[in-house]
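J.:
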Amino acid sequence: MTKSQIKRGDQLVLASHNQGKLAEFQALFAASGVVIKSAAAFDLPEPEENADSFEGNARIKALAAAQATGLPALADDSGFCVASLDGQPGIYSARWGGAHRDFSIAMRRVHDEMGAATDKRAAFVTVLCLAWPNGQTYFVEGRCDGQVAWPPQGENGHGYDPIFIPDGETRRFAEMTDAEKNAISHRGRALRQLMDIHVAPDA
């Protein structure tokens with residue numbers, strides 16, 4: 001099967017209503033000339049994420065957006081996976097923040113459930129799904145290992161960024177500039193894989 005490619009000037013729907021995530025993807029795609037529009041720009045409802053894996057949830061979101069708009073769509077399903085919590089919150093990372101997805105609540109829950117655990121290892125994992133209106137889907141995965149740090153620090157980023165220090169760093173994601181974070185983040189790593197395959201070389 002010939003791989004489908006996105007070209008400079010093409011529109012790509014980001015299957016998310018999360019403004020922090022939209023800004024992150026727009027920055028990552030900036031040099032490619034691909035125009036990123038959010039699901040909110042098309043008034044798309046948020047589909048129920050009822051799969052039991054990052055891949056499954058990313059596929060649900062990407063296909064729904066692609067078929068609703070007639071445009072290629074990109075979805076990510078990401079999670080914060082803590083070793084001492086057996087990989088939780090994982091696919092439930094946003095839901096740990098309650099009905100309003102308040103990550104100050106989610107971070108506090110991670111801290112409380114870790115208790116006196118000496119194993120601070122954690123990782124951000126993301127799976128990207130690129131979907132086309134004809135139902136074709138493509139997946140890539142990115143991972144960034146590090147450790148949990150408490151208390152939260154930093155004003156940048158979003159989600160669990162204020163309590164995560166990536167390996168090789170002394171700062172939390174939330175203390176880095178967007179460019180610094182994107183160079184090593186799970187999402188940046190996954191997106192570079194995807195762009196190598198599915199964004200036309202002249203884009």
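Each residue of the sequence shown is one higher than the last, beginning at 1 in our numbering.
Using N, Cα and C, we set each Cβ at its ideal position, and we do this for glycine too.
(1) Between G157 and the rest of its own chain, which residues show a CB-CB distance below 7 Å, the 5 nearest in sequence each way excluded?
(2) From which residue to which residue does the beta strand (DSSP E) around E141 run?
(3) Any idea if I91 is buried or exposed, counting beta-carbon neighbours within 10 angstroms, 16 or more meaning buried?
(4) Taking only runs that begin and end inside the stretch 155-188, name each unbroken beta strand (DSSP E) of 3 or more residues, in chain order.
(5) Helix or strand or just coil, what does DSSP make of T69?
(6) Counting only runs that start and end within the stretch 14-59, where is the alpha helix (DSSP H) found for 4 or more residues in a row?
(7) Which one of A131, Q88, P72 has the shortest CA to CA distance from I60?
(8) Give the DSSP-derived three-state secondary structure of A190 in the structure shown.
(9) Are the beta-carbon atoms of G142 and H111 separated by less than 8 Å?
(10) Do you know offhand how far K7's Cα is from A116's?
(11) Near G70, which residues of its chain fall below 7 Å by C-beta distance, leaving aside the five closest residues on each side in sequence?
(12) Whole angstroms is fine: what's the gap from W150's alpha carbon to P162's?
(13) Would N50 be called buried (16 or more neighbouring beta carbons within 10 Å of its own) or exposed?
(14) Using CA coordinates, which residue listed in V199, F80, G188 is at the minimum distance from A23?
(15) Going by C-alpha distance, which of Q5, V148, L14 is nearest T118?
(16) Using 8 Å for Cβ pairs, my map puts M114 next to L85. What's the rounded Cβ distance?
(17) In its own chain, which residues sit with a C-beta less than 6 Å from the C-beta of G97, not counting the 5 before and 5 after it?
(18) Under 8 Å between the Cβ atoms of F124 and F80?
(19) With DSSP as the reference, label S84 as helix, strand or coil.
(20) Taking A106 as part of the alpha helix (DSSP H), name the residues at either end of that continuous run.
T.: Considering the structure as presented:
(1) F173, A174, K181
(2) 137-148
(3) buried
(4) 164-166
(5) helix
(6) 19-29
(7) A131
(8) helix
(9) no
(10) 50 Å
(11) P133
(12) 9 Å
(13) exposed
(14) G188
(15) V148
(16) 7 Å
(17) F103, I105, A106
(18) yes
(19) helix
(20) 103-114
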